[in-house]
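Residues are numbered in the working numbering as their position in the sequence shown, beginning at 1, plus a constant of 3.
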Amino acid sequence: MMVSAAMVLLMTPALGLFYGGMTRAKAALNMMMMSFVSVGIVGVVWVLWGYSMSTGEGVLGIVGSPLTSFGLSNIIGSPDLIKAGYSATFAIITVALISGAIADRTKFTAWIVFVPVWITAVYCPIAYMVWGGGLMSAGGAVSNVFGQVIDFAGGTVVEIASGTAALVLVLILGNRHGFGKDPAHRPHNIPFIMLGAGILWFGWFGFNAGAATTVEQAGLIWINTLAAPAAAVISWLATEKIRHGHPTSLGAASGAVAGLVAITPSCANISPLAALGLGLLAGAACAVFVDLKFKFGFDDSLDVVGVHLGGGLIGTLALGFIALPVNGEGGGLLYGGGPQQLIAQTVAVLITMAVSAFGTAVIGLAIHKTVGFRVSHEDEVAGVDRSEHAETAYAFAELALSRFTPFGHHAHTGVRETQHTGHGQPAGHGGTPERLPTPASHAQERQEQDVLV
Numbered sequence: 004m005m006v007s008a009a010m011v012l013l014m015t016p017a018l019g020l021f022y023g024g025m026t027r028a029k030a031a032l033n034m035m036m037m038s039f040v041s042v043g044i045v046g047v048v049w050v051l052w053g054y055s056m057s058t059g060e061g062v063l064g065i066v067g068s069p070l071t072s073f074g075l076s077n078i079i080g081s082p083d084l085i086k087a088g089y090s091a092t093f094a095i096i097t098v099a100l101i102s103g104a105i106a107d108r109t110k111f112t113a114w115i116v117f118v119p120v121w122i123t124a125v126y127c128p129i130a131y132m133v134w135g136g137g138l139m140s141a142g143g144a145v146s147n148v149f150g151q152v153i154d155f156a157g158g159t160v161v162e163i164a165s166g167t168a169a170l171v172l173v174l175i176l177g178n179r180h181g182f183g184k185d186p187a188h189r190p191h192n193i194p195f196i197m198l199g200a201g202i203l204w205f206g207w208f209g210f211n212a213g214a215a216t217t218v219e220q221a222g223l224i225w226i227n228t229l230a231a232p233a234a235a236v237i238s239w240l241a242t243e244k245i246r247h248g249h250p251t252s253l254g255a256a257s258g259a260v261a262g263l264v265a266i267t268p269s270c271a272n273i274s275p276l277a278a279l280g281l282g283l284l285a286g287a288a289c290a291v292f293v294d295l296k297f298k299f300g301f302d303d304s305l306d307v308v309g310v311h312l313g314g315g316l317i318g319t320l321a322l323g324f325i326a327l328p329v330n331g332e333g334g335g336l337l338y339g340g341g342p343q344q345l346i347a348q349t350v351a352v353l354i355t356m357a358v359s360a361f362g363t364a365v366i367g368l369a370i371h372k373t374v375g376f377r378v379s380h381e382d383e384v385a386g387v388d389r390s391e392h393a394e395t396a397y398a399f400a401e402l403a404l405s406r407f408t409p410f411g412h413h414a415h416t417g418v419r420e421t422q423h424t425g426h427g428q429p430a431g432h433g434g435t436p437e438r439l440p441t442p443a444s445h446a447q448e449r450q451e452q453d454v455l456v
C-alpha cells in the first residue's frame, strides 16, 4: 500500500503536466501550481483532521469526528497510519482535478482558500459516507434500504464529486473572455499532455489496486485498469475520426483518462471482457460529452466535467448491469441479479452529486463574494502566470526571436498559422495569422496578447 500511495501521489504532478499542456502558454505555470499547492494544503489538512473526518466516529452516518484521530496521534505504531497516508493521496488528486475546469481565470489566493474548505466540508463527508462506515458503506442506512453500493476506488468519492464541483465552479466564475470564439483558447503543449496522461495511467494502477486484499483481487484490478483505458483510447479516436475527420493525440490522451475514470469504481467487480466494453463506451461517450460545453455555453476549460463527471457516471452506473455476482448471488442485470444493484448505484450517484453541488456552491459563492474568485479582465488577457505569480513558464520574447526571426527578419512582421485544438474545435484553421512579439517594454508585451498563447 505504501508503494501504491507513492504512485498515487505522483498522479498529482502528472495532472499538472496534463492540465498545463492543455492551457494557453501564459497560464501553464498557474495550472501546474494549482495542482502542486493542493499537495501541500491537503497534506496538512489530512494529518490534522481530514483522515479523522473520513474514518472516525460518525455523526449521523454523514461525517466522522475530527477529534477521533486528530493529528494521527492515536494511530502511531498502527497499520492505520499507512491507510492514512494512502487515503491522503486520494483527497489530494480529487481537489486538484477540479482546477482544470476553471483554468485561465482563477485567483491563486482564492484557490488556496477553496482547497482546505472543500476538502473539509465536501470531500471528507462523501469519503466517510462511502468508505468510512457512513450512510453508503456496508451496513449503512442507504445500503440497508437500497442494497450495497459498489465503489471500490472512487467513482463517486473522487470522480463524480470532483466533476460536479467543477461544473458548479464554472457556473459561478463564468466563461473565459472569448470562449468558443478566440482561437487562442487551445492546448499549447501536446507533448506535456501525452506525458502527463502516461504518468497518470501508471499511477492509476496504484490508485485502483492499492487497496486490494488478495493477490487474486489485485490481479483482476490490474488487468481491468489496463483493459478499460486501452479500449477507451481506440473508441475516442474512432469517434473523433467519424465526427471530425482526424484522430488526435489530445484525443488519445483524453481517451485513456476517460477509460481510467470509468473503471475506477468497478475495477474489482467486473470481468476483463466487461472492462473492455466499459472502456469502449466511456471513450466514445466522453468524446461527445466534452463538446457539450459549446452547445450549452459553459466554459469547462479542460474538460473536467465531460471526462470526470461523465466517465464517473458511466462507470458507477454500469455496475448495475455488469457487476459480477458474489458467491453466486446478486450481480448486475446482465448476470440475472435484478435491478437492485442499479438502484443502489443510482442512489449513491444522486447523494454524491447533491452533497458536492450544494457544498461547492456555498463555498464558491462565499469566496466569490468576498475575496473574489476570478482575476480581472486585464489580468486574464495578460495571462495568470504573470498576474498571479510574477513568473512565466516560457521566456516569450526571447523564444519568439530565436524561433521565428531567422536570417535577420524583423520580429514584428512574423505570423504563425493557428492549429486545430483537438476535441473537434477548430482554432482558426483557415490560416488566421497571429502577430509575434517585439522584445520591448512590459506594457508592449502585455499588448501582444496572442503570441505563444
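Built from N, CA and C at the ideal position, the CB exists for glycine as well. On a predicted model such as this, the values are computed, not experimentally measured, just so you know.
Could you name the residues that DSSP lists as bridge partners for V62?
V66
Looking at the structure shown, is R246 part of a helix, part of a strand, or coil, going by DSSP?
helix
Thinking just about the alpha-carbon of each residue, which of L75, L84 and Y338 is nearest to the one in N522?
Residue 522 falls outside the range modelled here, since the chain spans only 4 to 456, and no answer is possible.
A200: first and last residue of the uninterrupted alpha helix (DSSP H) it sits in
I193 to A212
Can you tell me which of D107, T216 and T159 puts its alpha carbon nearest to the alpha carbon of H180?
D107
Nearest CA to the CA of G318: which residue from L368, T267 and L305?
T267
Can you tell me whether V218 is buried or exposed? The criterion is at least 16 other CB atoms within 10 Å of its CB, across all chains shown.
exposed
Assuming contact is defined by CB atoms lying nearer than 8 Å, are L174 and F301 in contact in what I supplied?
yes
Using DSSP's beta-bridge definition, name the partner residues of R377.
T109
Below-8 Å beta-carbon distance, A285 vs any chain D residue:
Absent from the structure: chain D. Only one protein chain is present.
The alpha helix (DSSP H) enclosing S165, as first and last residue numbers:
A164 to L176
Going by DSSP, what residue range makes up the alpha helix (DSSP H) through V40?
A31 to V48
With distances taken Cα to Cα, identify the nearest neighbour of P69 among K86, L63 and L51.
L51
Cα separation between L12 and T26?
22 Å
What did DSSP end up calling E394 once you bin it into helix, strand or coil?
coil
Which stretch, first to last residue, makes up the alpha helix (DSSP H) that contains V352?
Q343 to K372
Using C-beta distances below 8 Å, list every residue in its chain close to V457, excluding the 5 sequence neighbours before and after it, in chain order.
Since the first residue shown for the chain is 4 and the last is 456, residue 457 is missing from the structure and cannot be characterised.
Residues that V329 bridges to, as DSSP identifies them:
E332
Identity of the residue in I273, F297 and V352 nearest L312 by Cα:
V352
Proximity below 8 Å, CB of N33 to CB of V387
yes
Quick one, are the C-beta atoms of Q348 and L327 less than 8 Å apart?
no
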